[in-house]
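Residue numbers (our numbering): 22 to 235. A virtual CB, placed ideally from N, CA and C, is assigned to each residue, including glycine. Values in this document were obtained by computation on a predicted structure and should not be read as measured data. As structure tokens, the structure follows; a few thoughts come after it.
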Ligand SMILES: [Zn+2]
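Shown next, in the form of structure tokens:
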């Protein structure tokens, strides 16, 4: 085995990346996966959010935020693994257990796309680019727009308790119960293209797997 055989990442043997048909690649369960199973583990370099934003092309938007101003990410596309195609849904089936691991929140059926809610991980870092994404996940609870301030939404804090990035859970726990984390005005800066960009808009959205992906 050579060094190039090693990987930054780990992917569950029953999860694979493939084209969604509507918005780039996504991660899919190829067999039924039980609630609680570890689906993937992220790896890579530790960069500031601002450093990540200066990486070329889609690399600039593929890090996983592990602290308010730090991401873990690849710096070359050759380093990408399947975990780089983990998409957002407003009704996700997976979430964080610790800083770098994604686990199943419930049973995930064979053929179902593995998704998280980006509210579980995104935080608007001081000096970093704001994140704003039109969401077409199709879920009845779809927020329409996903931002890096969504973790401040009280109902999401309750819905995803135990599934947030630890640094975000710490932020949430610091919010006073009587005035929980007011949502600031929506950011106006559109971050660079991401794997979740909805264009071209499918009609109907995500006909291949309604309501579970973005
Ligand atoms: Zn949505």
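- When rounded, the separation of the alpha-carbon atoms in residue 125 and residue 183 is 12 Å.
- The beta carbon of residue 91 is closer than 8 Å to those of 67, 68, 69 and 70 in its chain, skipping five residues each way along the sequence.
- In terms of Cβ geometry, residue 83 and residue 95 form a close pair [threshold 8 Å].
- Residue 196 has its Cβ no nearer than 7 Å to any heavy atom of ligand 1.
- Excluding sequence positions up to five before and after residue 128, its CB lies within less than 8 Å of the CB of 53, 54, 55 and 56, all in the same chain and listed in chain order.
- Distances between the C-beta of residue 38 and the heavy atoms of ligand 1 are all 7 Å or more.
- Distances from the CB of residue 160 to the heavy atoms of ligand 1 include at least one below 7 Å.
- Residue 144 and residue 27 have their C-alpha atoms roughly 31 Å apart.
- One thing to note: residue 35 has its Cβ no nearer than 8 Å to the Cβ of residue 64.
- DSSP, read as helix, strand or coil, puts residue 169 in coil.
- With a cut-off of 7 Å, the C-beta of residue 110 is classified as near ligand 1, since at least one heavy atom of the ligand falls inside that distance.
- Annotated three-state conformation of residue 74 is helix, per DSSP.
- For residue 136, the secondary structure class from DSSP, reduced to helix, strand or coil, is strand.
- Relative to residue 100, the option among 160, 79 and 115 whose CA is nearest is 79.
- Taking a 10 Å sphere around the C-beta of residue 167, we find 16 or more other C-beta atoms and assign the residue as buried.
- Residue pairing from DSSP leaves residue 111 without any beta-bridge partner.
- In terms of Cα proximity to residue 121, the closest of 42, 44, 47 and 188 is 188.
- The three-state reading of DSSP puts residue 100 in helix, counting H, G and I together.
- Of the candidates 142, 114 and 109, the residue whose Cα lies closest to the Cα of residue 157 is 109.
- At least one heavy atom of ligand 1 sits closer than 7 Å to the Cβ of residue 164.
- For residue 105, same chain residues with a beta-carbon under 6 Å away, outside a window of 5 residues either side, are 83 in chain order.
- For residue 48, the enclosing beta strand (DSSP E) starts and ends at 46-50.
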